[in-house]
Amino acid sequence: MLLFIVCHVTMVLATDAVQNLNHITLGTDTRSNWALAIVGVAAAVVVSLWLIATPLTIRYPRSVQNTGRFIVGWAKDLMERTTSRATYQENGITPYFWMNGRLPDSELYRRLQRSGWSEYSLRVEGLVENPVRLSYETLLALPKREQITQHFCIQGWSGVAKWDWVGVSDLIDIVVPLPAARWVVFYSFADGAEANTGRYYACHKIEHMRSPMAILAYEMNGQPLSEAHGAPLRVRNELELGFKQVKWVSAVEFVADLRDVGWGYGGYNEDHERFGYRMPI
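Residue numbers (our numbering): -12 to 268.
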């Protein structure tokens, strides 16, 4: 991104700066010096803010995270009130769907994988009336549905895929959450990006998990999930960005408060990378 900005600005300035800046700032085909003045002031403000903000964000990252939550939390709350219904046709499926995340490396995962998932069971527990362990065979026997949706990564890329799945709402009906349960936590077999910092997890609001498009996918584009794409199960919550879509799901837990899990910020990336605990699209 930095390289793109440098190259783009260089080309703007090198190929008739005055005219180009008039096009960009004033939308006119003139050679007014006002455009130079506007860009100069704007650049000075941006650089000044950058010089002030950079050392603060490095020194106080958690404070910046909490401040950001306070400033934009209301806007994210409004965006999460929408209902995602965006689906695609099969001719819109992305030919190459990017792979991301640290792969599982535990012996337990390898053993379950070698068994063809016949030894796998999904633990669903926490603040529920009926904690259960559901075998892979049982999960496949639940009502099967499919949807073609677009995945949005926080890194800037996106991809469209067809998912065959069991609805998280089906799990909710089975376990019957207690009134105190407000969040659903999905745990991965994989660790987070940093070595020796614990396994990956993410929290989702329970009301979002009741949506018909909140799913645990076990097939992608008509084939069982590959290891790279999250086998045996991966979460899809079409309201949120990709880092909230946990792959290699090992367990599900219903909790009352974010602070009950991990470092209390809503997910592995929120704990360690200071992301926002929700990232609505």
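Heads up, the beta-carbon is just placed ideally off N, CA and C, and yes, glycines get one too.
Small disclaimer: the values here were computed from a predicted structure and weren't measured.
Cα-Cα separation between L99 and L212, rounded to whole angstroms: 14 Å
Own chain residues within Cβ distance below 7 Å of G55, not counting five before or after: Around G55: G263.
W270 - containing beta strand (DSSP E), residue span: Residue numbering for the chain in the displayed model covers -12 to 268; residue 270 lies beyond these limits and cannot be assessed.
Element boundaries [beta strand (DSSP E), containing T136]: 132 to 139
Validate contact between the stretch 216 to 228 and the stretch 65 to 84 using beta carbons, cut 8 Å, 3 pairs: As far as the Cβ criterion goes, the stretch 216 to 228 touches the stretch 65 to 84, which means the pair count is three or higher.
F173 vs V239 beta-carbon contact at 7 Å: Yes; because the gap between Cβ atoms is below 7 Å, this pair is in contact.
T2 versus R261 - alpha carbon distance: 40 Å
Beta-ladder partner(s) of V242, from DSSP: W170
Residue-level contact to chain B via CB, L114, 7 Å cutoff: Among the protein chains of the structure shown there is no chain B, as only one such chain exists.
Continuous alpha helix (DSSP H) stretch holding Y96: start and end: 94 to 101
CA-to-CA distance, K131 to A180, given in whole angstroms: 32 Å
Proximity to L126 [Cα-Cα], best of L228, S105, T136, A189: S105
Boundaries of the alpha helix (DSSP H) in which I202 is found, first to last residue: Not the alpha helix (DSSP H): I202 falls in the beta strand (DSSP E), residues 201 to 207.
Simplified DSSP state of N9, which is helix, strand or coil: Helix at N9.
G113 - DSSP class collapsed to helix/strand/coil: strand
Proximity of D157 and L121 at Cβ, strictly below 7 Å: Their beta carbons are not under 7 Å apart, which means D157 does not touch L121 by this criterion.
Validate contact between the stretch 189 to 206 and the stretch 140 to 147 using beta carbons, cut 8 Å, 3 pairs: no
Alpha helix (DSSP H) segment containing N224, residue limits: No alpha helix (DSSP H) contains N224, which is instead part of the beta strand (DSSP E) from 221 to 224.
Integer-rounded CB distance, given that L165 should sit under 8 Å from L114: 4 Å
Distance between beta carbons of Y187 and V233, contact taken as under 8 Å: 6 Å
Beta bridge counterpart(s) of K192 as assigned by DSSP: W170
R89 (DSSP reduced to helix, strand or coil): coil
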